[in-house]
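Respectively, the protein sequence lines represent chains A and B. Under this note's numbering, think of the first position of the first sequence as 1, with each following residue one higher. Under this note's numbering, think of the first position of the second sequence as 402, with each following residue one higher. Reviewing the structure listed below.
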Amino acid sequence: MSTAGTATSNLVRSGLQSFHDVSSSLWARVPKPKTKKGKAAWIVVGVVIAYALPLINLPVITTTGSDMASVLYDCIGYAIVAVGLNIVIGYAGLLDLGYVGFYAVGAYTVGTLTSEHWHWPFFLALPVAVVVTMVSGVLLGAPTLRVRGDYLAIVTLGFGEIVRIVITYTDWLGAATGIKAIPAPPSIGPNPPGPDGGLFDIAHLTWANGYPEVDPTKKTQFLVFGVIDIVPFYWLLLTVLVLIIVGDRLIKASRVGRAWEATREDEDAAEVMGVPTFKYKLLAFAMGAFIGGLSGAFFATRQGYISPTSFTAMLSEMFVAAVIIGGAGNRWGAIVGGVLVAYLPERFRNFADWRMLVFGIALLLLTTFRPQGIFPARATRRAVRAEQKIHELEGENVDVI
Amino acid sequence: MSSDVVSAGKALLELDHVTIKFGGLTALDDVSFDIKEGEILGLIGPNGAGKTTCFNVMTGVYQATSGAIRFDGRPLAKLQRHKITKLGIARTFQNIRLFRSMSALDNVMVGADVHSKVGILNALFRTPRHRHTEAAAEQKARELLDFVGISGRADELASNLSYGDQRRLEIARALATGPKLLCLDEPAAGFNPAEKRQLMDLIRRVRDIGYTVLLIEHDMRLVMGVTDRIVVLEFGRKIAEGTPAEIRDNPAVIAAYLGVEEDADAS
Numbered sequence: 001m002s003t004a005g006t007a008t009s010n011l012v013r014s015g016l017q018s019f020h021d022v023s024s025s026l027w028a029r030v031p032k033p034k035t036k037k038g039k040a041a042w043i044v045v046g047v048v049i050a051y052a053l054p055l056i057n058l059p060v061i062t063t064t065g066s067d068m069a070s071v072l073y074d075c076i077g078y079a080i081v082a083v084g085l086n087i088v089i090g091y092a093g094l095l096d097l098g099y100v101g102f103y104a105v106g107a108y109t110v111g112t113l114t115s116e117h118w119h120w121p122f123f124l125a126l127p128v129a130v131v132v133t134m135v136s137g138v139l140l141g142a143p144t145l146r147v148r149g150d151y152l153a154i155v156t157l158g159f160g161e162i163v164r165i166v167i168t169y170t171d172w173l174g175a176a177t178g179i180k181a182i183p184a185p186p187s188i189g190p191n192p193p194g195p196d197g198g199l200f201d202i203a204h205l206t207w208a209n210g211y212p213e214v215d216p217t218k219k220t221q222f223l224v225f226g227v228i229d230i231v232p233f234y235w236l237l238l239t240v241l242v243l244i245i246v247g248d249r250l251i252k253a254s255r256v257g258r259a260w261e262a263t264r265e266d267e268d269a270a271e272v273m274g275v276p277t278f279k280y281k282l283l284a285f286a287m288g289a290f291i292g293g294l295s296g297a298f299f300a301t302r303q304g305y306i307s308p309t310s311f312t313a314m315l316s317e318m319f320v321a322a323v324i325i326g327g328a329g330n331r332w333g334a335i336v337g338g339v340l341v342a343y344l345p346e347r348f349r350n351f352a353d354w355r356m357l358v359f360g361i362a363l364l365l366l367t368t369f370r371p372q373g374i375f376p377a378r379a380t381r382r383a384v385r386a387e388q389k390i391h392e393l394e395g396e397n398v399d400v401i
Numbered sequence: 402m403s404s405d406v407v408s409a410g411k412a413l414l415e416l417d418h419v420t421i422k423f424g425g426l427t428a429l430d431d432v433s434f435d436i437k438e439g440e441i442l443g444l445i446g447p448n449g450a451g452k453t454t455c456f457n458v459m460t461g462v463y464q465a466t467s468g469a470i471r472f473d474g475r476p477l478a479k480l481q482r483h484k485i486t487k488l489g490i491a492r493t494f495q496n497i498r499l500f501r502s503m504s505a506l507d508n509v510m511v512g513a514d515v516h517s518k519v520g521i522l523n524a525l526f527r528t529p530r531h532r533h534t535e536a537a538a539e540q541k542a543r544e545l546l547d548f549v550g551i552s553g554r555a556d557e558l559a560s561n562l563s564y565g566d567q568r569r570l571e572i573a574r575a576l577a578t579g580p581k582l583l584c585l586d587e588p589a590a591g592f593n594p595a596e597k598r599q600l601m602d603l604i605r606r607v608r609d610i611g612y613t614v615l616l617i618e619h620d621m622r623l624v625m626g627v628t629d630r631i632v633v634l635e636f637g638r639k640i641a642e643g644t645p646a647e648i649r650d651n652p653a654v655i656a657a658y659l660g661v662e663e664d665a666d667a668s
């Protein structure tokens, strides 16, 4: 590398470092909840804000070019996928590059059952879709989880593509034209989906002169799943995300979570310590498939139309990027990663032509300067802190993991 | 409990004419010995003698080409590794293999989970079974960390522990699986004399609370000081077996290995 190049990279590095210092000192000043109650209160506030987000239309973060509620819906969709993929990549350490395959299986099961061949209601098709996806996860995992590392990545990448190509050439699944008229979930309340349907109306806010006002032109009917107003969809999906987070937490903090981590850390040692690693890897795959299928099912019902072009390998890569950007192994990191990957391109639509370039550069910078992700797992954070402490004590360069 | 009484106990693990071949290389050649309940058996030999191979065939990493291994009267052939652990053989690794980014406590709890019947549904619904098993595993893990002397570091990441503490953590993790037989693969590698003495104490205490111990070790003073019986391997063959005193005076052993090592140690 030339001297100029080195200087630049040092500049970038020191810039990022000082940014990191500032941000961490700011973070240190944020009052930390001392008690369990305090923590619960913060979580409740966060959840309420999340539910209110499409109604209050906060300035700056609200997307201008596209409907905020649809963007938020996509964000939550990505977040759910990221949480599911985090189980596979972050907890069990299995690099799955074909996650879109599960997403497609979930979406197409719903499409087939509710529109293409039968006319089931969405909520009846949903559990079937989830089960079918889990079965597909087990069918994929049983023969392939015997290979490790890069080989598994290649096999799963192939799976994602196989699913897409099979759909493209199967008339029964709508082939390249896709499946149309997938119904939305049933609305709740009188007279749906008429103009005054739903149980009651909820007002939106608008920020005219920097102050919030009630927007007279926009109302959300509770709870009507329509084509125009996506807010009810968003609420439904956010609820699903909350449930998944709770489930993920319960499973992670148990024998199952420990077995996954042990398998990720050292498969042979885990096996010798009595962990049936193959069984747990398969379980991680099945859980990942479960959540991927769920997410795909909601994608189908929101879009109303699915075709093979919605399920390209590119999408798989975005899913993996979401997990890695956020911080593999940390569910909150994965959620942030998922939201960012979905949100940023929409917020900065004006730069749409540049977005893959920017995305690539951002990924490069991230992997160079913060390879553990934005919000790495707590264990990783502690390891890094310990290394820094050693660094301070010894006053010399110590490699951070 | 005196060692004379216990070494007369019944055989816990029997190697019966075990041969292992890797292609043209015979790593173990017709090796037979047994480990009796409640004893500390030392397995020694020069580098490449087949000690670790012997270890690996016992814990299911390798399959014997011919011969049989019986544990508690049960043949071990074709059993999966985690099932062998469940039967009651636990081991540590020569090159430490902890779950590095998990806490010390979690490392030990993974071992304690061996006999757990909690599955994903129990965990998801936090059933009484899950709560009982979890509490029992945590208590056991804390006791074991205390037993090996690192209870103060329960919440540290395994990778942040000192080298000596990592070795101790490996022993605690292996003990958590509730083994009948604990196999230690060079547990004193890289230790200074003071640490070695502490480790010897620990191994004795492990035996005293009822475990049978198989010890692979290079350090002669440690092996001689702590074991009840010793098996010597050379080039994949067993060349001697007996008490430490017998082994010390065995001319074949001295020729093969001990003489050089003892001199080196004495100097």
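The beta carbon of each residue, even a glycine, is placed where N, CA and C say it ideally should be.
1. Could you check whether the Cβ of residue 272/A sits closer than 7 Å to any Cβ belonging to chain B?
2. In chain A, what lies closer than 7 Å to residue 486/B by C-beta?
3. Using a C-beta to C-beta distance shorter than 7 Å, which residues of chain A count as neighbours of residue 578/B?
4. Can you grab the Cα-Cα spacing for the pair residue 146/A / residue 96/A, in whole Å?
5. Does residue 519/B get closer than 7 Å to chain A when you measure Cβ to Cβ?
6. In chain B, which residues lie with their C-beta within 7 Å of the C-beta of residue 251/A?
7. Who are the Cβ neighbours of residue 418/B in its own chain at under 8 Å, not counting the five residues just before and after it?
8. Count the other CB atoms within 10 Å of the CB of residue 201/A; is the residue buried (16 or more) or exposed (fewer)?
9. Run the CB neighbour count on residue 563/B, radius 10 Å, all protein chains shown included, and call it buried at 16 or more, exposed below.
10. Name the residue from 472/B, 411/B, 500/B, 635/B whose alpha carbon lies nearest to the alpha carbon of residue 557/B.
11. Taking residue 427/B as part of the beta strand (DSSP E), name the residues at either end of that continuous run.
12. Give the residues from the region 447-461 of chain B that approach chain A closer than 9 Å (Cβ to any Cβ), ordered along the chain.
13. Which class does residue 273/A belong to by DSSP, given the choice of helix, strand or coil?
14. Could you tell me the alpha carbon to alpha carbon distance between residue 595/B and residue 602/B, rounded to whole angstroms?
15. With three or more beta-carbon pairs closer than 8 Å as the criterion, would you say the region 515-523 of chain B touches the region 542-560 of chain B?
16. Taking residue 457/B as the reference, which of 537/B, 421/B, 509/B has the closest Cα?
17. Kindly indicate which residue of 318/A, 334/A, 285/A, 315/A has the alpha-carbon position closest to the one of residue 138/A.
18. Less than 7 Å between the beta carbons of residue 80/A and residue 241/A, yes or no?
19. Short of 7 Å in beta carbon distance, which residues of its chain neighbour residue 441/B, apart from the five on each side in sequence? Order them along the chain.
20. Using only the alpha-carbon positions, how far apart do residue 234/A and residue 347/A sit?
21. May I ask which residues mark the beginning and end of the alpha helix (DSSP H) holding residue 214/A?
22. May I ask you to list, following chain order, the residues of the region 280-293 of chain A that have a beta carbon less than 7 Å from some beta carbon of chain B?
23. Which partner residues does residue 470/B have in the DSSP bridge list?
24. Is there at least one Cβ from chain B nearer than 7 Å to residue 254/A's Cβ?
25. Count the other C-beta atoms from every protein chain shown that fall within 10 angstroms of the C-beta of residue 171/A, then say buried if there are 16 or more, exposed otherwise.
26. Have a look at 306/A, 385/A, 271/A, 249/A and flag the residue whose alpha-carbon is nearest the alpha-carbon of residue 521/B.
27. With a 10 Å radius around its C-beta and 16 neighbouring C-beta atoms as the bar for buried, classify residue 314/A as buried or exposed.
28. Could you please give the first and the last residue of the uninterrupted beta strand (DSSP E) stretch that includes residue 632/B?
29. For residue 290/A and residue 77/A, what's the separation of their Cα atoms in angstroms?
30. Determine which residues share a DSSP beta bridge with residue 490/B and list them.
31. Strictly under 7 Å for the Cβ-Cβ distance: is residue 247/A near chain B by that measure?
32. Taking 7 Å as the CB-CB limit, is residue 213/A close to chain B?
33. Using a beta-carbon distance below 7 Å, is residue 563/B in contact with chain A?
34. Three or more C-beta pairs closer than 8 Å, one from the region 51-66 of chain A and one from the region 203-221 of chain A: is that the case here?
35. Leaving out five residues before and five after residue 644/B in sequence, what residues of the same chain have Cβ atoms less than 8 Å from its Cβ?
36. Pull up the distance between the alpha-carbon of residue 664/B and that of residue 497/B, whole angstroms please.
With the structure as the only source:
1. Taking the first sequence and counting its residues from 1, one reaches residue 272/A at position 272. Cβ-Cβ to chain B under 7 Å: yes for residue 272/A.
2. Within the second sequence, the letter at position 85 stands for residue 486/B. Chain A residues near residue 486/B: 272, 273, 274.
3. On the second sequence, residue 578/B is found 177 positions in, with the first residue counted as 1. Ordered by position in chain A, the residues that pass the 7 Å Cβ test against residue 578/B are 273, 274.
4. Residue numbering aside, residue 146/A sits at position 146 when the first sequence is read from its first letter. Residue numbering aside, residue 96/A sits at position 96 when the first sequence is read from its first letter. For residue 146/A and residue 96/A, the distance between alpha carbons rounds to 14 Å.
5. Locating residue 519/B in the second sequence gives position 118, where the first residue counts as 1. Any Cβ of chain A closer than 7 Å to the Cβ of residue 519/B would place that residue at the interface, and such an atom is present.
6. Position 251 of the first sequence, counted from the start, is the residue given in the question as residue 251/A. Listed by position along chain B, the residues whose Cβ is nearer than 7 Å to that of residue 251/A are 521, 524, 525.
7. Within the second sequence, the letter at position 17 stands for residue 418/B. Cβ neighbours of residue 418/B beyond the five flanking positions: 431, 432, 433, 467, 468, 469.
8. Working through the first sequence from its first residue, we reach residue 201/A at position 201. Under this definition residue 201/A is an exposed residue.
9. Indexing the second sequence from 1 puts residue 563/B at position 162. Its Cβ having fewer than 16 others within 10 Å, residue 563/B is exposed.
10. Start at 1 with the first residue of the second sequence, and residue 557/B comes out as number 156. Selected option, being the one with the closest Cα: 500/B.
11. As a working note, residue 427/B is residue 26 in the second sequence. Element bounds for residue 427/B: 426-437.
12. 460, 461
13. Residue numbering aside, residue 273/A sits at position 273 when the first sequence is read from its first letter. Of the three classes helix, strand and coil, the one that applies to residue 273/A here is coil, per DSSP.
14. Residue numbering aside, residue 595/B sits at position 194 when the second sequence is read from its first letter. Residue numbering aside, residue 602/B sits at position 201 when the second sequence is read from its first letter. One C-alpha to the other measures close to 11 Å.
15. Touching, no, given that fewer than three Cβ pairs across the two stretches are closer than 8 Å.
16. Here the question's residue 457/B lines up with position 56 in the second sequence. It is 421/B.
17. Along the first sequence, read from residue 1 onward, the residue named residue 138/A stands at position 138. Of the candidates 318/A, 334/A, 285/A, 315/A, the one whose C-alpha sits nearest the C-alpha of residue 138/A is 285/A.
18. Within the first sequence, residue 80/A is the residue found at index 80, counting from 1. Within the first sequence, residue 241/A is the residue found at index 241, counting from 1. It is a contact, given that the beta carbons lie within the stated cut-off.
19. For this step, residue 441/B is matched to residue 40 along the second sequence. Contacts found: 604, 608, 614, 616, 627, 628, 629.
20. In the first sequence, counting from the first residue as 1, residue 234/A sits at position 234. In the first sequence, counting from the first residue as 1, residue 347/A sits at position 347. Approximately 18 Å between the Cα atoms of the pair.
21. Here residue 214/A refers to the residue found at position 214 when the first sequence is read from its first residue. Not the alpha helix (DSSP H): residue 214/A falls in the beta strand (DSSP E), residues 212-222.
22. Those residues of the region 280-293 of chain A that come within reach of chain B (Cβ to Cβ, closer than 7 Å) are 283.
23. Sequence index remark: in the second sequence, residue 470/B carries index 69 (1-based). For residue 470/B, which the question treats as bridged, DSSP gives the partners 416/B.
24. Taking the first sequence and counting its residues from 1, the one referred to as residue 254/A is at position 254. Yes, because at least one Cβ of chain B sits closer than 7 Å to the Cβ of residue 254/A.
25. In the first sequence, the residue the question calls residue 171/A occupies position 171. Exposed, since its Cβ has fewer than 16 Cβ neighbours within 10 Å.
26. Within the second sequence, the letter at position 120 stands for residue 521/B. The shortest Cα separation from residue 521/B among 306/A, 385/A, 271/A, 249/A belongs to 249/A.
27. By 1-based counting over the first sequence, the position of residue 314/A is 314. Result: exposed.
28. On the second sequence, position 231 is the one that residue 632/B refers to. Note, residue 632/B: beta strand (DSSP E), 630-635.
29. Locating residue 290/A in the first sequence gives position 290, where the first residue counts as 1. Locating residue 77/A in the first sequence gives position 77, where the first residue counts as 1. So the two alpha carbons sit approximately 14 Å from each other.
30. Your numbering for residue 490/B matches position 89 in the second sequence. Answer is 582/B, bridged to residue 490/B.
31. Position 247 of the first sequence, counting from 1, holds the residue named residue 247/A. It does: the Cβ of residue 247/A has a partner Cβ on chain B nearer than 7 Å.
32. Stepping through the first sequence from its first residue, residue 213/A is reached at position 213. Not one chain B Cβ lies under 7 Å of residue 213/A.
33. To locate residue 563/B, count along the second sequence from 1; it is residue 162. Chain A contact via Cβ: absent.
34. Touching, yes.
35. For the purposes of this step, residue 644/B is identified with residue 243 of the second sequence, where counting begins at 1. Here the set comprises 629, 630, 631.
36. Indexing the second sequence from 1 puts residue 664/B at position 263. Indexing the second sequence from 1 puts residue 497/B at position 96. Unreliable positioning characterises residue 664/B in this predicted model, as indicated by a pLDDT of 48, which lies under 50. The coordinate reading is nonetheless provided below. Rounded to whole angstroms, residue 664/B to residue 497/B spans 29 Å at the Cα level.
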